[in-house]
Amino acid sequence: DSGVTQTPKHLITATGQRVTLRCSPRSGDLSVYWYQQSLDQGLQFLIQYYNGEERAKGNILERFSAQQFPDLHSELNLSSLELGDSALYFCASSPRRVNTEAFFGQGTRLTVV
Amino acid sequence: DQQVKQNSPSLSVQEGRISILNCDYTNSMFDYFLWYKKYPAEGPTFLISISSIKDKNEDGRFTVFLNKSAKHLSLHIVPSQPGDSAVYFCAASGAGTASKLTFGTGTRLQVTL
């Protein structure tokens, strides 16, 4: 158990819909990262928050947005969903800003039908 | 632009032998490198890391080697065990990357009896 909790574990939704994925980081970790893993591909970095502020942005679509709340949990919002958005979405957290390992949650498997 | 590359999608090794997984990177700003292990339906699990000021780091059966001039790192697992069968991801972070981890596409290791 990494200490990072993601909900829900599975999500099936229709095209055009909007979903929210939730992440609770390890106790004390200030950084939260979101990654997307499509079928048989690597982990693509989406976005990072550090202590409530956006810190880095990857190849995140404009239809996607995220935030980190004062209690440090984070939400990833995906809207106008397309079939190609079906993927595993991972959240990770780390204690420091630089040069440290990140601890991953078990992921949310999103299926868009 | 794939800044971290794992050119071998899969590797099969006999139990008890050495497994060597390779990773190349292109971004000279990377100064911290990590290996993660991933089982199906689980999040990646941190294995071992190395800072660019070192060329070797060892933790039990796992050793990571870094060759900065070649921009190459490798993970050695000795001896390999059936429970090591998983997908292994190489990742890198560093100055200018806001500590986000950039992942390779992974190598699937199968340890056979």
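Protein chains in written order, with my numbering: chain A, 1 to 113; chain B, 1001 to 1113. The beta carbon of each residue, even a glycine, is placed where N, CA and C say it ideally should be.
Candidates E1015/B, Q1014/B, A1041/B, N1022/B: which alpha carbon is nearest G1104/B's?
Numbered from 1 along the second sequence, position 104 holds the residue referred to as residue 1104/B. Relative to G1104/B, the option among E1015/B, Q1014/B, A1041/B, N1022/B whose CA is nearest is N1022/B.
Mind checking if K1100/B is an interface residue toward chain A, Cβ cutoff 8 Å exclusive?
Against the second sequence, residue 1100/B aligns to sequence position 100. It does; some Cβ of chain A falls within 8 Å.
Compare the C-beta of P1044/B with all C-beta atoms of chain A and state if any pair is closer than 8 Å.
Walking along the second sequence from the start, residue 1044/B turns up at place 44. So, interface residue.
Under DSSP, the beta strand (DSSP E) around A1092/B begins and ends at which residues?
Counted from its first residue, the second sequence places residue 1092/B at position 92. It spans 1086–1094 - the beta strand (DSSP E) in which A1092/B sits, taken as one unbroken run.
Could you tell me whether the stretch 1013–1031 of chain B touches the stretch 51–68 of chain A, where touching means 3 or more Cβ pairs closer than 8 Å?
The stretch 1013–1031 of chain B vs the stretch 51–68 of chain A: no contact.
Does the count of Cβ pairs from the stretch 1055–1074 of chain B and the stretch 80–87 of chain A closer than 8 Å reach three?
Here the stretch 1055–1074 of chain B makes no contact with the stretch 80–87 of chain A; the two share fewer than three CB pairs at distances below 8 Å.
From this set, Q67/A, F45/A, F103/A, which residue's C-alpha is nearest D29/A's C-alpha?
Residue 29/A sits at position 29 when you count from the first residue of the first sequence. Residue F103/A holds the alpha-carbon nearest to the alpha-carbon of D29/A among Q67/A, F45/A, F103/A.
At least one CB of chain C closer than 8 Å to the CB of G1104/B: is that the case?
Within the model displayed, chain C is absent; protein chains A and B are what it includes.
What's the call for P1044/B, buried or exposed, on a 16-neighbour Cβ count within 10 Å?
Looking up residue 1044/B in the second sequence gives position 44. P1044/B comes out buried.
Of all Cβ atoms in chain A, is any one closer than 8 Å to the Cβ of T1030/B?
Stepping through the second sequence from its first residue, residue 1030/B is reached at position 30. The amino acid occupying residue 1030/B in the given sequence is Phe; Thr does not appear at that position. Output row for F1030/B: interface = no.
Buried or exposed, going by whether 16 or more other CB atoms sit within 10 Å of the CB of R55/A?
The residue labelled residue 55/A in the question sits at position 55 within the first sequence. Buried.
Taking DSSP as the reference, what is the three-state secondary structure of L83/A?
Stepping through the first sequence from its first residue, residue 83/A is reached at position 83. Here L83/A sits in helix by DSSP.
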